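Protein chains in written order, with our numbering: chain Y, 1 to 194; chain L, 1 to 194; chain U, 1 to 194; chain P, 1 to 194. Don't be surprised by glycine CBs; every beta carbon is placed ideally from N, CA and C. Being a predicted model, the structure only gives us computed values, none of them experimental.
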DNA sequence: CATGAATGAGAGTTCATTCAT
DNA sequence: TATGAATGAACTCTCATTCAT
């Protein structure tokens with residue numbers, strides 16, 4: 001029997017610890033020592049599972065976004081009306097944003113200095129986070145809707161993230177139910193079939 | 001005659017150089033040596049005008065956002081219809097985003113690890129960037145509009161930034177005219193008086 | 001088996017190297033690079049054993065003074081007459097002064113600019129170096145001796161250090177035997193029981 | 001008429017300011033900016049009067065020790081008995097030590113790294129500070145006194161400095177009268193003619 | 001697989017000194 | 001003489017990475 005499972009377990013433990021540390025202090029201020037301690041392993045062990053601090057960071061982003069994409073894709077498959085869909089999107093993407101706020105921030109701060117291959121992986125992550133929304137727009141918008149689905153998706157995602165962010169900026173607790181209703185009111189009319 | 005002007009000039013030269021370097025490599029990867037070289041001054045000179053790298057960074061953010069806020073406030077004062085206003089907002093905020101992409105990403109996020117006083121300055125910058133849009137919404141939305149102006153502003157700003165960002169992410173040239181028309185089409189209906 | 005011993009060894013090696021460098025150039029002119037090179041370790045290694053240059057310096061003072069205090073305390077316990085005691089004191093304190101001339105000068109003075117906690121440690125070192133002499137004076141001076149033992153100790157220690165220092169100032173080799181005899185002659189009469 | 005006097009005045013003002021700063025923070029932590037500000041002149045002006053920070057420091061030591069030497073020489077010329085002489089010495093040298101404690105400390109810390117010519121000047125200062133005491137001992141000790149006057153002087157000076165220092169170490173106010181009486185009691189018997 | 005002591009390049013910052021005005 | 005903005009060498013300290021055990 002292979003110990004593949006055990007290896008995966010430790011990998012995941014490290015990622016969890018890394019999430020904690022990165023979210024707490026941001027990428028630059030996070031030290032590998034701290035991550036190792038939080039994960040309960042020695043510093044050298046980190047390098048058995050990840051090539052570098054940068055690679056660990058990108059891997060974490062990938063793991064979190066994968067999780068999100070899977071969940072949101074599954075939920076969106078079931079929803080019928082535009083209203084319902086916006087509700088699902090706001091709720092799930094909002095949760096993701098709340099949970100990973102600092103990670104998302106760190107991306108823009110730190111990635112510019114990363115090597116090309118990691119930059120591409122980050123690019124794919126960003127793209128991946130947009131995809132479920134784009135697919136949704138392709139499904140619900142009328143054939144002759146004059147705006148590209150990708151741009152509509154950008155509009156909707158931007159609206160969600162900034163709405164949630166406006167709460168977080170003031171350290172107010174986010175009421176996703178209310179945000180969903182508000183966004184339905186603002187965005188709904190522009191997205192409905194005529 | 002005082003040399004106040006000359007001092008301001010050099011301060012601005014340094015800020016320009018810093019913008020170049022920070023935008024090119026991100027905050028963490030930017031080295032004070034590089035900024036000094038780009039500004040054509042010695043490293044030590046940077047510290048005559050700014051207390052630290054962090055303070056230089058925040059000062060840069062402040063300078064750029066002030067510029068934006070003044071311009072956009074002036075333009076919005078003159079526009080009448082919702083359509084026109086959205087057009088102005090998209091154009092100016094879009095320009096700002098294109099020009100300061102990397103910096104804007106930094107602004108729209110807190111800067112973990114910075115000392116308290118600088119964090120507050122960043123918080124004020126972020127708040128400041130929202131203000132013109134909020135004021136606009138207070139002006140153009142009907143009395144009984146059921147969503148807070150601040151949240152509508154977040155929606156609109158998010159929509160703009162992400163729309164522009166979706167072009168930049170793919171390294172495509174941004175057509176702000178087109179973005180403006182698209183956003184008017186998507187957001188317009190939800191913002192019109194009933 | 002623990003590697004406690006090995007760790008202590010390296011700590012001591014670093015202290016020896018630091019003693020060499022500090023004594024050679026004085027605290028301010030001593031560079032951490034030099035100490036590292038003298039100790040045969042990398043610069044970063046110094047910081048595994050000591051928190052800062054200042055802390056390394058104070059630790060060195062502590063280690064040297066501890067050594068001295070233990071030795072002198074043991075020897076003084078056995079001596080009987082005033083003459084004998086002065087002889088022991090001059091010999092041991094003189095040796096200490098010769099060996100640690102530069103350090104001793106530092107010890108006998110506060111270290112302006114150091115953080116509070118390190119200042120306190122230095123203060124304790126200075127106090128510690130006086131203690132054996134004070135205890136001795138308490139033992140050998142008559143009950144009704146009109147001068148405080150602490151001040152008599154200061155007199156004796158000052159006399160010893162300056163006597164030895166007067167040789168070192170001229171780069172003459174110190175003859176501790178002779179210094180002891182001379183000090184017995186000068187100080188003896190004033191310390192004898194009446 | 002030459003402006004020699006005015007030049008001397010500014011030189012002295014700078015020395016006074018330097019004394020303040022050096023005494024307050026120690027040599028290494030004292031910055032030329034601070035000295036310039038305290039003296040009420042521009043930084044560059046310091047270099048019109050002194051070649052370097054090191055040279056300024058040594059000049060200050062010289063000026064202070066000259067003052068002391070002149071005063072003590074004058075006073076000692078008049079005193080007759082050993083008791084009286086010790087009293088004068090303790091008072092004047094004690095005052096000097098109290099006033100210049102920090103400067104004296106700084107010497108041992110900083111001078112090791114100074115260039116040769118300044119080291120020699122410091123050496124001369126140290127020697128100069130001993131001279132009045134040595135001359136005194138040559139005068140008052142009997143012809144056949146078996147200890148060199150220079151060493152007796154070292155003993156006496158060490159005793160004075162450490163006695164005063166033992167007060168300062170504890171931040172107690174020094175009572176020079178009492179110290180003088182105590183030292184007369186301890187040192188007197190060994191110095192009297194037989 | 002796991003460890004953690006050791007490494008050393010590289011960072012931000014300081015400050016004595018200079019020199020054009 | 002006097003200035004003070006500018007310099008840049010030199011410093012301490014950090015921390016991602018390695019490798020002998």
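Whole-number beta carbon distance between residue j and residue i, since they are thought to touch under 8 Å
i	j	result
residue 92 (chain Y)	residue 72 (chain Y)	5 Å
residue 25 (chain L)	residue 113 (chain Y)	5 Å
Residue i versus residue j: straight-line alpha-carbon distance, rounded
i	j	result
residue 183 (chain U)	residue 16 (chain U)	32 Å
residue 60 (chain P)	residue 18 (chain P)	8 Å
residue 49 (chain L)	residue 138 (chain Y)	52 Å
residue 34 (chain U)	residue 13 (chain U)	14 Å
residue 196 (chain L)	residue 27 (chain L)	Because residue 196 (chain L) is not part of the residues shown, which for chain L are 1 to 194, the question remains open.
residue 67 (chain P)	residue 177 (chain U)	36 Å
residue 109 (chain L)	residue 123 (chain L)	Note that residue 109 (chain L) scores a pLDDT of 48, beneath 50, so its modelled location is shaky and nothing firm can be said.
residue 187 (chain P)	residue 41 (chain P)	48 Å
residue 22 (chain U)	residue 54 (chain U)	11 Å
residue 171 (chain L)	residue 11 (chain L)	32 Å
residue 70 (chain U)	residue 7 (chain P)	56 Å
residue 46 (chain U)	residue 107 (chain P)	27 Å
residue 32 (chain U)	residue 43 (chain U)	7 Å
residue 81 (chain U)	residue 149 (chain P)	26 Å
residue 111 (chain L)	residue 51 (chain L)	17 Å
residue 116 (chain Y)	residue 127 (chain L)	34 Å
residue 105 (chain P)	residue 9 (chain U)	32 Å
residue 29 (chain Y)	residue 74 (chain Y)	36 Å
residue 144 (chain P)	residue 144 (chain U)	33 Å
residue 85 (chain P)	residue 79 (chain U)	34 Å
CB contact flag (residue i, residue j, <8 Å)
i	j	result
residue 36 (chain L)	residue 20 (chain L)	no
residue 118 (chain L)	residue 164 (chain L)	no
residue 134 (chain P)	residue 153 (chain P)	yes
residue 156 (chain Y)	residue 89 (chain Y)	yes
residue 5 (chain Y)	residue 190 (chain L)	no
residue 56 (chain Y)	residue 166 (chain L)	no
residue 132 (chain Y)	residue 185 (chain L)	no
residue 125 (chain L)	residue 65 (chain L)	yes
Proximity winner among the options, relative to residue i (alpha-carbon distances)
i	options	result
residue 136 (chain Y)	Y:125, Y:97, Y:87	Y:87
residue 174 (chain P)	P:63, P:51, P:32, P:101	P:101
residue 169 (chain Y)	L:120, L:140, L:149	L:120
residue 98 (chain Y)	Y:8, Y:7, Y:162	Y:162
residue 142 (chain P)	P:46, P:181, P:84, P:192	P:192
residue 129 (chain Y)	Y:78, Y:96, Y:105	Y:96
residue 180 (chain Y)	Y:30, Y:29, Y:83, Y:79	Y:83
Can you list, in chain order, the residues of the stretch 53–78 of chain Y whose Cβ is nearer than 8 Å to any Cβ on chain L? Along the stretch 53–78 of chain Y, none of the residues has a CB nearer than 8 Å to a CB of chain L.
Along the stretch 137–151 of chain P, where does the CB come closer than 7 Å to a CB of chain U? Name the residues. 146, 147, 150, 151
At a CB distance below 7 Å, what residues from the stretch 17–31 of chain Y approach chain L? Give them in sequence order. Along the stretch 17–31 of chain Y, going in chain order, the ones with a CB nearer than 7 Å to a CB of chain L are 25, 26, 28, 29.
Please list the residues of the stretch 157–191 of chain Y that have a C-beta atom closer than 8 Å to any C-beta atom in chain L, keeping them in chain order. 157, 158, 159, 160, 161, 162, 163, 165, 166, 169, 179, 182, 183, 185, 186, 187, 188, 189, 190, 191
Members of the stretch 109–138 of chain L that neighbour chain Y once the beta carbon cut-off is set at 8 Å: 109, 110, 111, 112, 113, 123, 126, 127, 130
The stretch 31–48 of chain P: positions lying closer than 8 Å to chain U by Cβ: Of all residues in the stretch 31–48 of chain P, none has a Cβ within less than 8 Å of some Cβ in chain U.
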